[in-house]
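Chemist: This is the structure I have questions about; it appears just below.
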Amino acid sequence: MSAFLARSNLFSLFIASALLLLPEGINAVAIRRATSSSYTCTEAYVPITATAQNIRFDATAPKTQLELAAIISASVAVNSNFTTDTIDKKNPNQTISGTWKLYTKRCIPKKWNGNVQVLVHGIAASHSYFEYPQNKTISYLDVAASGGNAVVNYDRLGVGESDHPDGINVVQSALDIEMLHQLVGYLKKRPHALTGVVMSKYPNDFTRAILTGFSPTTENNGVAGTYSFSPAIASQQNPQLFGRYNNDSSYVVTESSTHDLYSFFDGPPGVHYSADVFNNFVATKGAWTYGQQLTKDMLAGYFPAGSYTGDILVVTGEHDLPGCGGNCYQGTNGASVLTESGAFFPNAKSIATYIPANTAHAVFQHYTAPAVFGVINSWLNGAILCSNIFWSSSVGHLWFIMSCMDWIWSTVML
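Under this note's numbering, the sequence shown has 168 at position 146, and the numbering climbs by one with no breaks.
As structure tokens, this is what we get:
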């Protein structure tokens, strides 16, 4: 056992070194650096080259909000063929290749514990989802870095300070997967695909998984989630915040703070979460694309992930609207629907679940966040000697912790 740990720690040290050298190694451009008492954070733009097999859509971006609303309504209707009908009939597939800039923030602790975490936000959010400097007890980046973990946080392609290519035929779910694959490949210095489909496509990459904002109950959840988001053209919804999209109507956001509350929070501000946290979420939210909206359901083809044989922890808020339709106890006789997660991972070694009360989809923005962090850390520490990675689904958040040659992934079912 001691020999294994020694070899594992050496490999983890290699990962940390890769983080420290990341900007120089891949021609990244450092833009800001800040040092606290326990860790140093560097922000940089990292060029990532990726190739993906995308769907070719014979469509143009909606020009008005009413046009977008009609498209969304048609796409989520029961038995709708809208997405299929939108695909180019002559050339339905296309290979997308390019190099795009990703905004990254790397935090290196002064007393490193051997773990590296890569945090990946979901749609309608940005890298800021994991950061709340006003109260570091509910800022996951600060909690992780203060605990001795090296952390990499970033904006996905099309979001925030990262590049914003075409939002119909370029920024789709398949390219999301490959961008993450390439980014993490730099950290591990060997090829790994890490996305919501990895546990199915690459089952041997990971030994443990934590799913946040996930539910196996899908009936009506997609409709509820989509309408609670009420997508709006980003540059029209908030020109000041989303002016960077230069009137590109293929990028959309939640229509208002009311819809942010519907989708992510439990009850009114001040009851189960603070008004300041809510306002910060609204001010730092991110956009997603028309192409992602059209290709989100295609990820379902990778499940069930029958080849995955590791351990799983599911953490979803009691009142998660996109995940559980607002009630995660809608099973028979009030049972938790999370217990049905085994259908997605039929050969998993074990599946544990945790439902924080008075919590919705934004698990880390509620007053229960410190307790959630505690459950996650306790499960990891009790289940395995060396840390792994988190998985989150629905419009949730992708997380990764890599250490000791073990990887656990987290994904986004958009």
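In this text, a Cβ means the ideal position worked out from N, Cα and C, and glycines have one as well.
A quick note: this is a predicted structure, and the numbers were derived from the prediction, not measured.
Which partner residues does W310 have in the DSSP bridge list?
Modeler: By 1-based counting over the sequence shown, the position of residue 310 is 288. V274.
Chemist: Does the beta-carbon distance from A167 to F286 come in below 9 Å?
Modeler: Taking the sequence shown and counting its residues from 1, the one referred to as residue 167 is at position 145. Taking the sequence shown and counting its residues from 1, the one referred to as residue 286 is at position 264. Not in contact: A167 and F286 (Cβ atoms no closer than 9 Å).
Chemist: Taking contact to mean 3 or more Cβ pairs, one atom from each stretch, closer than 8 Å, check whether the segment 279–298 and the segment 383–394 are in contact.
Modeler: Yes, they touch.
Chemist: What is the DSSP secondary structure of P392, counted as helix, strand or coil?
Modeler: To locate residue 392, count along the sequence shown from 1; it is residue 370. If DSSP states are grouped into helix, strand and coil, P392 belongs with the helices.
Chemist: Quick one: is P392 buried, meaning 16 or more other Cβ sit within 10 Å of its Cβ, or exposed?
Modeler: By 1-based counting over the sequence shown, the position of residue 392 is 370. Classification for P392: exposed.
Chemist: Give every residue of the same chain whose Cβ lies closer than 6 Å to the Cβ of G47, excluding the five residues on either side of it in the sequence, and list them in chain order.
Modeler: Within the sequence shown, numbered from 1, the residue matching residue 47 stands at position 25. Below a pLDDT of 50, predicted positions are generally treated as unreliable, and G47, at 44, falls in that range; the measurement from the model is reported next regardless. Cβ within range, chain order: n/a, list empty.
Chemist: Helix, strand or coil for L27 per DSSP?
Modeler: On the sequence shown, residue 27 is found 5 positions in, with the first residue counted as 1. Note that L27 has pLDDT 24, beneath the 50 cutoff, so the model's placement of it is unreliable and no number is given.
Chemist: Determine whether the beta carbon atoms of D177 and G313 lie at a separation below 9 Å.
Modeler: Within the sequence shown, residue 177 is the residue found at index 155, counting from 1. Within the sequence shown, residue 313 is the residue found at index 291, counting from 1. Contact: no.
Chemist: Helix, strand or coil: how does DSSP classify A74 here?
Modeler: As a working note, residue 74 is residue 52 in the sequence shown. It is a strand residue.
Chemist: Distance, Cα to Cα, T331 vs G182?
Modeler: The residue given as residue 331 occupies position 309 in the sequence shown. The residue given as residue 182 occupies position 160 in the sequence shown. When rounded, the distance between both Cα atoms is 36 Å.
Chemist: Between the C-alpha atoms of A147 and Q139, what's the straight-line distance to the nearest angstrom?
Modeler: Sequence index remark: in the sequence shown, residue 147 carries index 125 (1-based). Sequence index remark: in the sequence shown, residue 139 carries index 117 (1-based). Whole-angstrom Cα-Cα distance: 18 Å.
Chemist: Along the chain, where does the beta strand (DSSP E) containing S97 start, and where does it finish?
Modeler: As a first step, residue 97 must be located in the sequence shown, where it is residue number 75. First-last for S97: Q87 to V98, but that is the alpha helix (DSSP H), not the beta strand (DSSP E).
Chemist: Going by the beta-carbon positions, is the gap between G353 and I145 smaller than 9 Å?
Modeler: If you number the sequence shown from 1, residue 353 lands on position 331. If you number the sequence shown from 1, residue 145 lands on position 123. No, they are not a contact pair.
Chemist: Can you grab the Cα-Cα spacing for the pair G356 / G347, in whole Å?
Modeler: Numbered from 1 along the sequence shown, position 334 holds the residue referred to as residue 356. Numbered from 1 along the sequence shown, position 325 holds the residue referred to as residue 347. Taking the straight line joining both Cα atoms gives about 14 Å.
Chemist: When the Cα of S400 is compared with those of L202, L335 and S358, which residue comes out closest?
Modeler: Against the sequence shown, residue 400 aligns to sequence position 378. Of the candidates L202, L335 and S358, the one whose C-alpha sits nearest the C-alpha of S400 is L335.
Chemist: What residue ranges within the segment 96–174 form continuous alpha helix (DSSP H) runs of no fewer than 4 residues, ordered along the chain?
Modeler: Qualifying alpha helix (DSSP H) stretches, in chain order: 104–108 and 162–168.
Chemist: Quick one: give me the first and last residue of the beta strand (DSSP E) that P238 is part of.
Modeler: Residue 238 sits at position 216 when you count from the first residue of the sequence shown. P238 -> no beta strand (DSSP E), and no H or E assigned at all.
Chemist: Quick test of the definition: if touching needs 3 or more C-beta pairs under 8 Å, does the segment 270–284 touch the segment 69–85?
Modeler: Touching, yes.
Chemist: Pull up the DSSP beta-bridge partners for R54, would you.
Modeler: In the sequence shown, residue 54 corresponds to position 32, counting from 1. According to DSSP, which records beta bridges pairwise, R54 is partnered with E65.
Chemist: Within this structure, are the beta carbons of E65 and T126 separated by less than 9 Å?
Modeler: Counting from 1 along the sequence shown, the entry for residue 65 is found at position 43. Counting from 1 along the sequence shown, the entry for residue 126 is found at position 104. Yes, the pair counts as a contact, with Cβ atoms nearer than the cut-off.
Chemist: Would T375 pass as a contact of T361 if the rule is Cβ separation under 9 Å?
Modeler: Within the sequence shown, the letter at position 353 stands for residue 375. Within the sequence shown, the letter at position 339 stands for residue 361. A contact, by the Cβ cut-off of 9 Å.
Chemist: According to DSSP, what are the bridge partners of Y295?
Modeler: Working through the sequence shown from its first residue, we reach residue 295 at position 273. In the DSSP output, where bridge partners are listed per residue, Y295 has none listed.
Chemist: According to DSSP, simplified to helix, strand and coil, what is V206?
Modeler: Taking the sequence shown and counting its residues from 1, one reaches residue 206 at position 184. Looking at V206 - three-state DSSP - the assignment turns out to be helix.
Chemist: Does P253 come out as helix, strand or coil in the three-state DSSP assignment?
Modeler: Within the sequence shown, residue 253 is the residue found at index 231, counting from 1. P253: strand per DSSP, three-state reduction.
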